[in-house]
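Here UniProt numbering is used: the first residue of the sequence shown is 1, the next is one more, and so on. Ideal placement from N, C-alpha and C gives every residue a C-beta, glycine not left out. Below you'll find the structure, written out as structure tokens, and then a few comments.
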Amino acid sequence: QGITMDCSEEVQSLSDEASTPIELKKGMSIFLDVNDGKLSFDEFKAYFSDGVLAGDELKELFHAIDTHNTNNVDTDELCEYFSQHLGEYENVLAALEDLNVSILKAMDKTKKDYQEATHLEQFVTRFLLKETTSQLHSLQRSLECAMETTAEQTRQERQGPVKPEVLPIQWSGRRSNRRLQRNNSLSPNNPLLNLVNSGLYEEDNQWITQINRLQKLIDRLEKKELRLEPVEEEVLGSSTKSHILIVQRQLSVLEEEVEEFRLALRQYMDCASTQTGCLHVAVQRLANESRFILYEFWEQSNVWKNHLQTNYSKTFQRGNVDFLETPEIMTTMLVPASWWVLNNN
């Protein structure tokens, strides 16, 4: 039996449609979260691109949803299209709406009553907040795992004949209206994420030494022109991976957002370090500044570009709209792969 959604009922005319309020079933409100009530193709592509569908496929989807043929997708059309494909997620989205209302009510009551409560009551409140957060994070991890698995499965089935749509990282001048949920859970056995008391990541001395040497070399190259004349020329075979990619990301964080940024950064590093093709991830914080420098080492440029399209990478990028004082500065550099092999032997 098909799903019947009130938001998808046809109306007699455009004037009737504009004046008739649409009654929504629970779970459909997420499709109304559009600033001006409609999406152009560029806005649609920026929001719905998942790194799997190519640009022409996204355009085909856009026109399939745009039943009014206006070259804009409005909220009614989004409701009508997605209501036909919700399946079990109709109940999930409805439950999320109820959960959102319940959490807001609980938070409002906590704000009013906490200071006047006894020490025991305050302890119970803190425990319940912690436990609720833990449960939500657990659900989020399961969903993120499912997202990554389904996306990777589709990529493997396609075997790469269709090139994914790669979108540039854009800086939004305004803060986002809603905070993204962030998962700050960490694997205690991950050697890349051992935390010291200051909250920074404790890398082993070899990595810190190499990063410092690399930073000094970059500083020297910026100050004066150098002529590099190698004593021996390296001859590469056709099957040799000639270069690896190093990505440096400079992130100037708002003072009041440092702690929350650290949580998001830990989650991002945890996910990136397990990504196929990621050789290493490291981070440094400049002394007496809320500025972080993130280093990522990737086997190839295309592996890094695929990484940018993953859900955890997009979540980190979007979250930085709230966290950063200025747009991040990203620098990439190709270095001979033999240097990596030599340093790791």
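Residue i burial status per 10 Å Cβ neighbour count (16 or more: buried)
{"i": "H119", "result": "exposed"}
{"i": "residue 349", "result": "Nothing about residue 349 can be reported from this structure: the residues present for the chain run from 1 to 345 only."}
{"i": "T315", "result": "buried"}
{"i": "H85", "result": "exposed"}
{"i": "I244", "result": "buried"}
{"i": "M269", "result": "buried"}
{"i": "Y295", "result": "buried"}
{"i": "R150", "result": "With the sequence shown as reference, residue 150 is identified as Thr, and Arg is not the correct amino acid for it. That one is exposed."}
{"i": "F44", "result": "buried"}
{"i": "A287", "result": "exposed"}
{"i": "V73", "result": "buried"}
{"i": "G87", "result": "exposed"}
{"i": "N100", "result": "exposed"}
{"i": "N71", "result": "exposed"}
{"i": "S83", "result": "buried"}
{"i": "N320", "result": "buried"}
{"i": "F127", "result": "exposed"}
{"i": "V281", "result": "buried"}
{"i": "T154", "result": "exposed"}
Cβ shell of residue i (< 6 angstroms), same chain only, five flanking positions each side left out
{"i": "S290", "result": "V253, E255 and V258"}
{"i": "Y81", "result": "I65"}
{"i": "F323", "result": "V253, E257 and F261"}
{"i": "T275", "result": "Here residue 275 turns out to be Gln, not Thr, going by the sequence shown. The residues are H307."}
{"i": "A95", "result": "none"}
Own chain residues within Cβ distance below 7 angstroms of residue i, not counting five before or after
{"i": "residue 420", "result": "Only positions 1 to 345 of the chain appear in this structure, which leaves residue 420 out of reach."}
{"i": "E325", "result": "S252, V253 and L254"}
{"i": "M333", "result": "I246"}
{"i": "D108", "result": "none"}
{"i": "K112", "result": "none"}
{"i": "L228", "result": "Unreliable positioning characterises L228 in this predicted model, as indicated by a pLDDT of 49, which lies under 50. The coordinate reading is nonetheless provided below. So the list is empty, once near-sequence residues are dropped."}
{"i": "N271", "result": "Before going further, note that residue 271 is Cys rather than Asn in the sequence given. The residues are Y312."}
{"i": "H63", "result": "none"}
Whole-Å CB distance - residue i paired with residue j, under 8 angstroms assumed
{"i": "V303", "j": "I246", "result": "So it is not a contact: roughly 13 angstroms between Cβ atoms."}
{"i": "T331", "j": "Q248", "result": "5 angstroms"}
{"i": "E260", "j": "G277", "result": "Not a contact, Cβ separation roughly 29 angstroms."}
{"i": "S242", "j": "A337", "result": "6 angstroms"}
{"i": "T67", "j": "E60", "result": "The Cβ separation is near 14 angstroms, so there is no contact."}
{"i": "H307", "j": "S313", "result": "6 angstroms"}
{"i": "Q250", "j": "E328", "result": "6 angstroms"}
Close beta carbons around residue i, own chain, < 8 angstroms, minus the five adjacent residues each side
{"i": "A117", "result": "T125"}
{"i": "I103", "result": "T132"}
{"i": "residue 365", "result": "The shown model of the chain, from 1 to 345, leaves out residue 365, and the question about it has no answer."}
{"i": "F48", "result": "L58 and L61"}
{"i": "T110", "result": "T125 and L129"}
{"i": "Q122", "result": "Y114"}
Where residue i sits in the DSSP three-state scheme
{"i": "E296", "result": "strand"}
{"i": "T331", "result": "strand"}
{"i": "S338", "result": "helix"}
{"i": "Q267", "result": "helix"}
{"i": "S273", "result": "helix"}
{"i": "L251", "result": "strand"}
{"i": "L308", "result": "helix"}
{"i": "E325", "result": "coil"}
Residue i CB to nearest heavy atom of the ligand FMN below 7 angstroms
{"i": "L279", "result": "In the structure shown, the ligand FMN is absent, as is every other ligand, since no ligand is present at all."}
Report the residue ranges of all alpha helix (DSSP H) runs contained in full by the stretch 37 to 82; include only those spanning at least 4 residues, in chain order. 41 to 48 and 55 to 65
Could you tell me which uninterrupted alpha helix (DSSP H) segments, each at least 4 residues in length, are contained entirely in the stretch 71 to 157, listed from first to last along the chain? Correct list: 75 to 83 and 89 to 113.
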